[in-house]
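Everything below concerns the one structure shown next.
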Amino acid sequence: MKHLLGTRGLPRDAAIALLDIAEDMAAVQEREVKKLPTLRGKTVVNLFFEDSTRTRISFEAAAKRLSADVITFSAKGSSVSKGESLKDTAQTLQAMGADGVVIRHQASGAPQTLATSGWIDAGVVNAGDGTHEHPTQALLDAFTIRRRLHGADSRGRDLDGIRVVIVGDVLHSRVARSNVWLLSTLGAEVELVAPPTLVPVELSAWPARATYDLDAALANAPDVVMMLRIQAERMHAAFFPNTREYSRTWGLDDARFHRLPPSTMVMHPGPMNRGLEIAARAADSAQSTVREQVANGVSVRMAALYLLLSGDRGGLS
Ligand code: NCD
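Residue numbers for the sequence shown follow the working numbering, beginning at 72 and rising by one.
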């Protein structure tokens with residue numbers, strides 16, 4: 072594998088190999104010296120055309136902990152037309168000798184364009200493109216679930232038989248899409264719960280089922296409840312009456328949280344709209360994996376950069 076553009080079509084064994092390497096990387100994070108020399112002399116460019124806090128910082132930390140040189144380029148606000156600016160930027164990266172490019176872009180498909188255009192030789196990692204995919208988020212979510220369930224015995228395991236309920240703004244969520252592909256490849260059963268206005272038409276072709284009653288979905292004691300952020304910045308119409316109504320019908324509020332079995336994990340990719348899709352009590356509870364997800368993100372991104380850039384592809388060819 073030269074690029075990591077999505078989880079759709081990512082083979083099960085390749086996904087498990089990446090998660091296993093992330094376990095090794097997590098072990099490195101527990102040492103006093105958190106750094107490996109693996110990518111010494113390589114240059115990783117973080118190209119962020121869209122806002123990001125945790126993903127940008129996480130990729131930066133991951134590349135630095137592998138001893139790569141890291142250049143972060145925040146291109147948000149550029150007034151050049153998208154195609155042109157991407158090509159111009161790519162040519163600059165090529166001239167700088169970038170070995171890896173981590174790209175977040177508001178246009179679905181931009182990382183694919185960068186990887187296949189011939190503009191650059193670098194390996195491309197998709198850090199979120201429009202409403203399309205966010206593969207490292209899904210990988211860190213799978214890693215987090217596997218670790219919570221199996222701890223030190225996680226290596227080599229998939230998520231066979233795990234029941235995951237993903238709730239909220241599925242329409243605009245690249246996190247939901249990448250998770251649907253990856254979790255189903257790993258054997259999990261995925262149910263999407265959303266207002267009918269926030270269910271994409273293409274969902275009928277996904278390996279997941281869509282339902283509209285959150286209380287019914289939660290009554291089945293899922294192993295994981297993953298809440299999605301309401302992506303107001305991508306909404307150019309009214310998809311629900313008001314925020315109070317949304318949170319009453321689709322939010323993980325205190326009452327719903329208290330009805331969950333203590334073993335159900337509560338996940339959220341961040342940033343959270345507290346009080347809208349998730350109540351503070353649920354987000355800050357022992358069942359919440361929100362902080363683990365952030366910590367695990369560094370390990371998973373180290374694994375991805377390692378596999379793409381070190382020359383040792385771990386079977387991911
Ligand atoms: C997600 C994203 O950007 O797609 N956030 C993230 O990467 N941590 C989810 C979101 O913005 O809601």
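Note that beta-carbon positions come from the ideal geometry of N, C-alpha and C, so glycine has one too.
Handout entry: Where V151 falls, given that 16 or more other Cβ within 10 Å makes a residue buried
Key = On the sequence shown, residue 151 is found 80 positions in, with the first residue counted as 1. Here V151 scores only 46 on pLDDT, less than 50, and its place in the model is too uncertain to base an answer on.
Exercise for the section: Assign Q162 to buried or exposed, taking buried as 16 or more other Cβ atoms, counted over all protein chains shown, within 10 Å of its Cβ. Expected result: Locating residue 162 in the sequence shown gives position 91, where the first residue counts as 1. Label assigned to Q162: exposed.
Practice task
With hydrogens ignored, establish whether the beta-carbon of V246 is closer than 7 Å to any heavy atom of the ligand NCD.
Solution key: Walking along the sequence shown from the start, residue 246 turns up at place 175. True, at least one ligand heavy atom lies under 7 Å from that Cβ.
Practice task
Using only the heavy atoms of the ligand NCD, determine whether one of them is closer than 7 Å to the beta carbon of P271.
Solution key: Counting from one through the sequence shown, the residue named residue 271 turns up at place 200. Every heavy atom of the ligand NCD is 7 Å or more from the Cβ of P271, so no.
Handout entry: Distance CB(M306)-CB(I237) smaller than 8 Å
Key = Here residue 306 refers to the residue found at position 235 when the sequence shown is read from its first residue. Here residue 237 refers to the residue found at position 166 when the sequence shown is read from its first residue. For M306 and I237, no; Cβs fall outside 8 Å.
Practice task
Consult DSSP for T360 and reduce its assignment to one of helix, strand or coil.
Solution key: For the purposes of this step, residue 360 is identified with residue 289 of the sequence shown, where counting begins at 1. Three-state result, T360: coil.
Handout entry: Boundaries (first-last residue) of the alpha helix (DSSP H) holding S129
Key = The sequence position of residue 129 within the sequence shown is 58, counting from 1. Taken as a continuous stretch (DSSP letters only), the alpha helix (DSSP H) holding S129 covers R125 to R136.
Handout entry: Proximity to H203 [Cα-Cα], best of R248, G168 and G222
Key = Along the sequence shown, one-based indexing puts residue 203 at 132. Comparing Cα positions, the closest option is R248.
Problem - Which listed residue (R127, L289, F144 and G222) has its alpha carbon closest to that of F328 - result: Working through the sequence shown from its first residue, we reach residue 328 at position 257. It is L289 whose Cα lies nearest to the Cα of F328.
Practice task
Kindly examine the ligand NCD and report whether one of its heavy atoms sits closer than 7 Å to the Cβ of T126.
Solution key: One-based indexing of the sequence shown puts residue 126 at position 55. Yes; taking the cut-off as 7 Å, the Cβ of T126 has a heavy atom of the ligand NCD nearer than that.
Exercise for the section: Could you tell me whether the Cβ atoms of V241 and L257 are closer together than 8 Å? Expected result: Within the sequence shown, numbered from 1, the residue matching residue 241 stands at position 170. Within the sequence shown, numbered from 1, the residue matching residue 257 stands at position 186. No, the pair does not count as a contact, with Cβ atoms beyond the cut-off.
Problem - beta-carbon Q302 near the ligand NCD non-hydrogen atom, thresh 7 Å - result: Looking up residue 302 in the sequence shown gives position 231. Answer for Q302: yes, Cβ within range of the ligand NCD.
Problem - Counterpart residues of M338 in DSSP-defined beta bridges - result: Working through the sequence shown from its first residue, we reach residue 338 at position 267. Bridge partners of M338: M297.
Handout entry: The alpha helix (DSSP H) enclosing L220, as first and last residue numbers
Key = Residue 220 sits at position 149 when you count from the first residue of the sequence shown. Unbroken alpha helix (DSSP H) run through L220: P206 to H221.
Problem - Unbroken stretches of the alpha helix (DSSP H), 4 residues or longer, contained in the segment 263-293 - result: 285-290
Exercise for the section: Counting only the same chain and skipping the five closest in sequence on each side, list residues whose C-beta sits under 7 Å from that of W190. Expected result: Working through the sequence shown from its first residue, we reach residue 190 at position 119. Closer than 7 Å at the Cβ level, and outside the excluded window around W190, lie K158, A161, Q162 and Q165.
Practice task
Below 8 Å CB to CB, which residues in the same chain sit around A146 once its five sequence neighbours on both sides are set aside?
Solution key: Here residue 146 corresponds to residue number 75 of the sequence shown, with the count starting at 1. L118, F119, F120, S156 and T160.
Exercise for the section: Can you tell me which of the three DSSP states F328 falls into? Expected result: Sequence index remark: in the sequence shown, residue 328 carries index 257 (1-based). Three-state DSSP puts F328 in a helix.
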